[in-house]
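Taking it in order: structure first as C-alpha cells, then the write-up.
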C-alpha cells in the first residue's frame, strides 16, 4: 500500500459496474489500487471498457457477467470473483433497476418481487457467500448503494422505495452482526446523478433531453456525477474510515437539505 494507491492489495467486487454509478465506483477503486471485479448483466462491451480503463491506470480488473435477479448467477459471480483474485474483501452492492412509476394499487406483485430480488436478495446472497472468507482478512467492507429518494417516498415509486429501504435494513443488521469480525458495513445514498438511468427519469418527468440543464439550479451548482459517489465509496474502504461502520452517507449536493439545515 502507498499514498498514491492506498487500496493496493485489496479486492473489490462491484455489482452493476459497467456503466453509471457502478462504473464511477469501479474507476475510483481501481485508481486507488484495488483489484476490481466488474460485474455486468448484458453490456459486455461496456464492462470491457471499464476493465481496460482500470488497467490503463495500472490496476487489475476482470469482468464477470451475472444477473442479480438470478440466484444461481449471483452464486457464480461470488465464486468467479474469489477465483480471479484469491479472495474478496470488499463488496459494493450497486446493481439496481428502476420501478415503472405506477401507484401501489396498480403495481403487479411481480414488480415488487423483481426489484427486491435485484436490489436486496442478491446483496444478501453475496454476503452469505463472501462474508465467511472476508472474516479471515485483515479488514472487510460492504457498501450498499441506496438512494436519497427514501427521504421523500414519492408516489409512484413503491417497488423501488421498498427495495432500497430493505437494502438499508440489511446493511445495518449486517453491520451489527459482523462488527466483531472487523467487517465494516455502510450505506451510500446518492441523489440524482448524471447517468443513463437519471437521464431517463428526467426525460420522463420533466421532458428534458439533457439532464445537465438542471445543473445551475442545484445548491452546489451542478448535479452529481458517478465519480462523486465513487470517491465516497473509496473513502469508506480507506484507512480514513477505519472507525466508521453502520452509517448512511447521502451524496446529493445538499439537494434535500432544508433551510434550517444549511
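Numbering (this note's numbering), first residue to last: 34 to 295.
Glycine included, every Cβ here is placed at the ideal spot set by N, Cα and C.
Test item: CB-CB of residue i and residue j under 9 Å
i           : j           : result
residue 159 : residue 111 : yes
residue 70  : residue 113 : yes
residue 200 : residue 153 : yes
residue 193 : residue 131 : yes
residue 109 : residue 48  : no
residue 149 : residue 195 : yes
residue 220 : residue 271 : no
residue 73  : residue 67  : no
residue 198 : residue 136 : no
residue 216 : residue 265 : no
Chain-order list of residues whose beta-carbon lies under 7 Å from that of residue i (same chain, five-residue window excluded)
i           : result
residue 207 : 160, 175, 218
residue 293 : Bear in mind that the predicted position of residue 293 carries a pLDDT of just 46, short of 50, making it unreliable; the figure below should be weighed with that in mind. Result list for residue 293: empty, nothing under 7 Å.
residue 231 : 225, 244
residue 229 : 52, 53
residue 140 : 191, 192
Cβ neighbours of residue i in the same chain (closer than 6 Å, five flanking residues each side left out)
i           : result
residue 155 : 101, 107
residue 274 : 268
residue 46  : 70, 114, 121, 124
residue 168 : 214
residue 263 : 57, 58, 61
residue 64  : 90
Cβ neighbour criterion (16 or more within 10 Å) applied to residue i
i           : result
residue 184 : exposed
residue 187 : exposed
residue 56  : buried
residue 278 : buried
residue 227 : buried
residue 212 : exposed
residue 295 : Because the pLDDT of residue 295 is 41, which lies under 50, any placement of that residue in the model is unreliable, and the question is left without a value.
residue 250 : exposed
residue 138 : exposed
residue 85  : exposed
Alpha-carbon spacing of residue i relative to residue j, whole angstroms
i           : j           : result
residue 177 : residue 240 : 31 Å
residue 282 : residue 258 : 16 Å
residue 98  : residue 286 : 32 Å
residue 117 : residue 95  : 8 Å
residue 203 : residue 244 : 32 Å
residue 54  : residue 93  : 19 Å
residue 247 : residue 171 : 43 Å
residue 143 : residue 133 : 12 Å
residue 242 : residue 256 : 15 Å
residue 205 : residue 252 : 29 Å
residue 38  : residue 87  : 13 Å
residue 146 : residue 103 : 12 Å
Own chain, CB closer than 8 Å to residue i, minus 5 neighbours either side, in chain order
i           : result
residue 76  : 51, 52
residue 289 : 181, 184, 185, 224, 283
Cβ of residue i within 9 Å of any chain D Cβ
i          : result
residue 74 : Here chain D cannot be found, since the structure has a single protein chain.
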